[in-house]
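See structure below.
Residue numbers (the working numbering): 3 to 330.
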């Protein structure tokens, strides 16, 4: 009964201000989970003041979703004044950019709610970690909170959770049976799936198309056993480029992006690769890669990322080494 533990902590602290933080360039799962969670807290503790913020703001798609939900994001969260800080869909402090150091310096309790593989540093900082790698999304975890609290979802709360789950499951392509049961519950709460799903479709920007094409042009292929590993580099849209390389036929795609000394690496794999090799990109590749880059890494079994400082070429070679070790 984790929501009751969270509420008990709020009552013990006699908390007045709770700050909910999402990772940089927050996607619909992060934003929608934060919104639904804030609504639940308000209904359980009406006197609470709650702020929602996303480092560097929401993603382009999340901005579109925000137009449909009564969500108010603050650009300057009062981290130092918060009685309680909650990270949603954010498993490393570095995903908060400059806010990360402010969270570290805070004496307030920290709660992490996430469906990614937990990170040791985050676990050390957190008062409470509510993580579930089997959940399709953070919205799925928040849905469980509503069930535990025996609070009925409003239509707008159900719509937010539906959008977050649909986004993180690629429109339910990688949904589990439990996820689909939750979706059925959200539809029963008033969500019109046919009207809501198209809200997650936006035309691809010209610059993203260019990034994908550049990644394809620069790709280097490596065959390990029967697996094709694609490596490339672009200055932006690394995640999109990695997804595109998987779509072109690679079993694993690693795309690096460098700006000065700052490095960002996105990793994607096919589900078949994960199923047959047991390699978890977040835990087995991104996490040690983040440590190598003096930064952080993590993510899902088939979708992960790492950031830090260093050279793009060296980081790709490190990925080759990590993959070869796991595929022996």
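Where a beta carbon is used, it is the ideal one built from N, C-alpha and C, also for glycine.
Could you give the distance in angstroms between the alpha-carbon of residue i and the alpha-carbon of residue j?
| i | j | result |
| --- | --- | --- |
| residue 71 | residue 166 | 12 Å |
| residue 226 | residue 326 | 7 Å |
| residue 276 | residue 254 | 10 Å |
| residue 134 | residue 163 | 16 Å |
| residue 68 | residue 41 | 15 Å |
| residue 35 | residue 88 | 12 Å |
| residue 241 | residue 268 | 5 Å |
| residue 24 | residue 104 | 14 Å |
| residue 258 | residue 210 | 15 Å |
| residue 223 | residue 231 | 6 Å |
| residue 251 | residue 321 | 19 Å |
| residue 52 | residue 38 | 12 Å |
| residue 212 | residue 206 | 10 Å |
| residue 18 | residue 83 | 10 Å |
| residue 13 | residue 101 | 26 Å |
| residue 203 | residue 178 | 22 Å |
| residue 308 | residue 92 | 13 Å |
| residue 300 | residue 293 | 10 Å |
| residue 180 | residue 263 | 42 Å |
| residue 317 | residue 288 | 11 Å |
| residue 196 | residue 108 | 44 Å |
For residue i, which of the options has the nearest alpha-carbon?
| i | options | result |
| --- | --- | --- |
| residue 290 | 122, 74, 109 | 122 |
| residue 270 | 278, 256, 280 | 256 |
| residue 319 | 302, 306, 295 | 295 |
| residue 11 | 310, 97, 113 | 113 |
| residue 153 | 43, 63, 299 | 43 |
| residue 273 | 171, 39, 111 | 171 |
| residue 199 | 50, 178, 212, 66 | 66 |
| residue 81 | 59, 110, 91, 311 | 110 |
| residue 138 | 27, 144, 208, 117 | 117 |
| residue 286 | 324, 312, 262, 260 | 324 |
| residue 155 | 261, 278, 191 | 191 |
| residue 261 | 310, 108, 63 | 310 |
| residue 33 | 50, 15, 49, 59 | 59 |
I'd like to know whether the C-beta atoms of residue i and residue j end up nearer to each other than 8 Å.
| i | j | result |
| --- | --- | --- |
| residue 147 | residue 5 | yes |
| residue 31 | residue 61 | no |
| residue 94 | residue 140 | no |
| residue 236 | residue 243 | yes |
| residue 98 | residue 57 | yes |
| residue 9 | residue 47 | yes |
| residue 193 | residue 160 | yes |
| residue 306 | residue 265 | no |
| residue 303 | residue 283 | yes |
| residue 96 | residue 297 | yes |
| residue 115 | residue 143 | yes |
message: Assess contact between the segment 184-191 and the segment 213-225, defined as three or more Cβ pairs (one per stretch) separated by less than 8 Å. Is contact present?
response: Flag = no, the segment 184-191 and the segment 213-225 do not touch.
message: Assess contact between the segment 67-81 and the segment 125-135, defined as three or more Cβ pairs (one per stretch) separated by less than 8 Å. Is contact present?
response: Contact fails: fewer than three Cβ-Cβ distances are below 8 Å.
- request: Counting only runs of 3+ residues fully inside the segment 59-124, write out the beta strand (DSSP E) ranges in chain order.
  value: Scanning the segment 59-124 for uninterrupted beta strand (DSSP E) segments of 3 residues or longer gives 86-90, 112-116, listed from N- to C-terminal end.
task: Can you check the segment 111-195 for any alpha helix (DSSP H) of at least 4 residues that lies completely inside it and give the ranges in chain order?
output: Runs of the alpha helix (DSSP H) inside the segment 111-195: 122-127, 140-151, 157-170, 179-190.
message: Please give me, in chain order, every unbroken run of the beta strand (DSSP E) with length at least 3 that falls completely inside the segment 260-308.
response: Every beta strand (DSSP E) of 3 residues or more that sits fully in the segment 260-308 is shown, in chain order, as 264-271, 298-301.
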